[in-house]
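Working notes, structure below.
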Amino acid sequence: MTATSTSGRPLSVQPPRRSRSSGARRRSLIAWLFLTPFLLVFLVYTAIPTVAALGFSLTDLRGTDLRNPFAVEFVGLGNYAWLFSDDRFVRDLGNTAIFVLVGVPLTMLLGFALALALNAGIRRLRGVFRTIFFAPVVTNIVAVALIWQYAFNTNGTVNEVAANLGFAGPNWLGDPNLAMPVVILLGVWRNFGTAMVLFLAGLQAVPEDVHEAAALDGAGWWRRLWHITTPLLMPTILLVSVLLTVFYLQVFDEPYLLTDGGPLGSTESVALYTYHQFGFGQFGLSSAASFVILVMVAVVSIIQFRLLRPRA
Amino acid sequence: MTVTAPTETSAAPVVVDQGPRPAPRGPRPPQVLLHAALVVVAVLTLLPFVWVVSGSLRSLDDIRAAPGAWLPSEVTLDNFVRLFATQGFSTYLVNSVVVAVIVVAGNIVAASAAGYALAKFDFAGKRLAFGAVMAALMVPYTATFVPQFVVTMNLGLVDTLAGIALPSIALPISIFIMRQYASAIPDELLEAARIDGAGELRIFARIFLPLAGPALATVTIMSFLAAWNNFIWPLVVAQSTSTYTLPVGLAATSQAANNVTDYGLMLAGAIVVMLPVLVLFLFLQRYFVQGVAATGLR
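Put into structure tokens, the structure is as follows:
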């Protein structure tokens, strides 16, 4: 499945119109009028802020300077140099890498396995299962994080279960070694439904007769999965991995809500670092850190476009 | 947040899930095992939902006596009453609804006009306009929220519901959904109206929009979902409890020290925040799944 448009080229080549060129000009004008509300929002909230963020990142802008712009000084790449010498930022880059390297494969594997299972002849309960697995995707993260916080409390439900099984549960979110797995688990819980739905769509496009032929030739289920299904699903696998990578690169909600980056900064992502610096009034530094995220996301997106571009 | 645009060529709605296909012949894992595995994952997925409902119905005394218990010793609605009577949740609820209404209305008008123009007009600068939509999709919100906040401040919209809603009134995902749907509508239909002398705005409002029901439904759902679940931006813009939306209010209430042990109250709050979307999802699942499959975004 390639649900991706890779070019900004005009979509449909329409037959030349009989109308004169003034008519064409008028239609161009009308098209731009239709686009105006979107373009206004885009300018005000995306284009200008992106350029401004780059500008801010080259200054020592602070929250207190907003009413006194002349106090702001140009510091060039100083913020970036400072960031990469800041132990906290480097640690957060590492944390973000863990989110990506652990979260992406786990989410994909679970989504893929469930899609395969639902596609392997489950009939009666198929709709019910799909509804259940997709529910976390639409569930409000603040509410869910709250539930997880209480469940993983020292006296929480998870430890209650552990106690019933005969061992004392730890303080999950208070332990620098255990907090990260719990935060990642929340990310996986929230995202595997998206992966599953995209894989299901991809599986529907795998031609049935290829499978039949391979089965007739005596290929077992695993062999067919590995040699037929997986290669045919490559575009979907790529798409899902890129979407999830972009998500985990910017992960904010889960660590902010569960631990606020703690304990001892063990779950602080780069996005959370950005937010914390913003909270300290360090707008220039915060913008520089957010631009590091933008560059990482852009690199992944460009790779996506390269890989998914239809062979011309 | 990144989304991928639907394919240019496929005008039909994205194929999501056409139901079970005939089981392929040849050896497969046994169905019993498959069902058992699915049931286990489903139960694990649902556990938080079960637990939040049970916890919200427990009294404070009950919770203090047995913090980790699974079932209430007696069922009470007191937590919900306290939520609205003393915790400001009626204000948060109204704010969330107002923001959602602005966002949905904006998307129905602004995004469908943009999607329609991109699908049905050939015009100078079309690539540029399309590039803007792609850029809006791909620039991560974490990269722009600081200047967005400065812009909002200059517009005098900090701590207002409009300030919370405005950035979301023309979501790129809505534009893609509308554009995809509009490409499937035959040009002849619009051409015929033009020959009859109808103006472009009239053609859009009277011919296209009435035909675009299913796409508008998806746009409504996806933009409602985006508005209702949005957290980081309202967190930045809302500065006083009178402008908190439900997620911000819930997060703030749970961080207040006196609520740490009173978790029945907080779980009741969680239910109020989750329930509207979950109910919509149960009844209109198709649109949710289509929206996500078309874009890969929640």
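From first to last, the protein sequence lines stand for chains X and L. Heads up, the first sequence is in this note's numbering, so the first residue is 328 and it goes up one at a time. Heads up, the second sequence is in this note's numbering, so the first residue is 4 and it goes up one at a time. Ideal Cβ placement from N, Cα and C applies to all residues, glycine included.
Here T557 of chain X is exposed: its Cβ has fewer than 16 other Cβ atoms, across all protein chains shown, within 10 Å. W359 of chain X belongs to the set of residues whose beta carbon lies under 8 Å from a beta carbon in chain L.
For R130 of chain L, the enclosing alpha helix (DSSP H) begins and ends at K129 to M141. At a cut-off of 8 Å between C-beta atoms, P376 of chain X counts as an interface residue with respect to chain L. The C-alpha of V573 of chain X is placed about 8 Å away from the C-alpha of S628 of chain X. For the segment 534 to 567 of chain X, the set of residues with a beta-carbon nearer than 7 Å to any beta-carbon of chain L comprises E535, H538, E539, A542, G547, W548 and L566, in chain order. If you draw a 10 Å sphere on the C-beta of T155 of chain L, you find 16 or more other C-beta atoms in it, and that means buried.
Residues of chain X whose Cβ lies closer than 9 Å to the Cβ of L60 of chain L do not exist; the shortest such Cβ separation is about 14 Å. Where S226 of chain L is concerned, the enclosing alpha helix (DSSP H) starts and stops at G216 to N232. Taking 8 Å as the cut-off, the Cβ atoms of T594 of chain X and S613 of chain X do not count as close.
Sequence-distant partners of A478 of chain X (beyond 5 residues in either direction) whose C-beta falls short of 8 Å from its own C-beta, in its chain, are T484 and V485. Counting other Cβ atoms within 10 Å of its Cβ, S617 of chain X reaches 16 or more and is therefore classed as buried.
For F227 of chain L, the closest Cβ of chain X is not nearer than 8 Å. For a Cβ distance threshold of 8 Å, residue set L473 and Q476 of chain X lies close to S257 of chain L, ordered along the chain.
In the displayed model, F579 of chain X falls within coil according to three-state DSSP, outside both helix and strand. Within the same chain, and ignoring the five residues on either side of V515 of chain X in sequence, the residues whose Cβ sits closer than 7 Å to its Cβ are G430, L433, T434 and L437. Pairing V251 of chain L with L164 of chain L gives a Cβ-Cβ distance that is not under 8 Å. Beta bridge pairing from DSSP links T386 of chain X with X:F401.
The residue among L:V42, L:S93 and L:A146 with its C-alpha nearest the C-alpha of M623 of chain X is L:A146. F92 of chain L has a beta carbon lying at 8 Å or more from every beta carbon in chain X. L86 of chain L is a Cβ neighbour of L268 of chain L, given a cutoff of 8 Å.
If the five residues before and after Q151 of chain L are omitted, its C-beta is found closer than 7 Å to the C-beta atoms of P170, all from its own chain and listed in chain order.
Contact between the segment 172 to 184 of chain L and the segment 110 to 119 of chain L is present: 3 or more CB-CB pairs across the two stretches fall below 8 Å. Not a single CB atom of chain L sits nearer than 8 Å to the CB of R389 of chain X.
The beta-carbon of T221 of chain L is placed no less than 8 Å from the nearest beta-carbon of chain X. Shown in chain order are the members of the segment 594 to 612 of chain X whose Cβ falls below 7 Å from a Cβ of chain L: A598, T601, F605 and F610.
The Cβ neighbour count for H538 of chain X, taken over all protein chains shown within 10 Å, is at least 16; the residue is labelled buried.
Of all alpha-carbon atoms in X:F526, X:Q609, X:N491 and X:V619, the one lying nearest the alpha-carbon of Y407 of chain X is that of X:V619. At least one C-beta of chain X is nearer than 8 Å to the C-beta of V154 of chain L.
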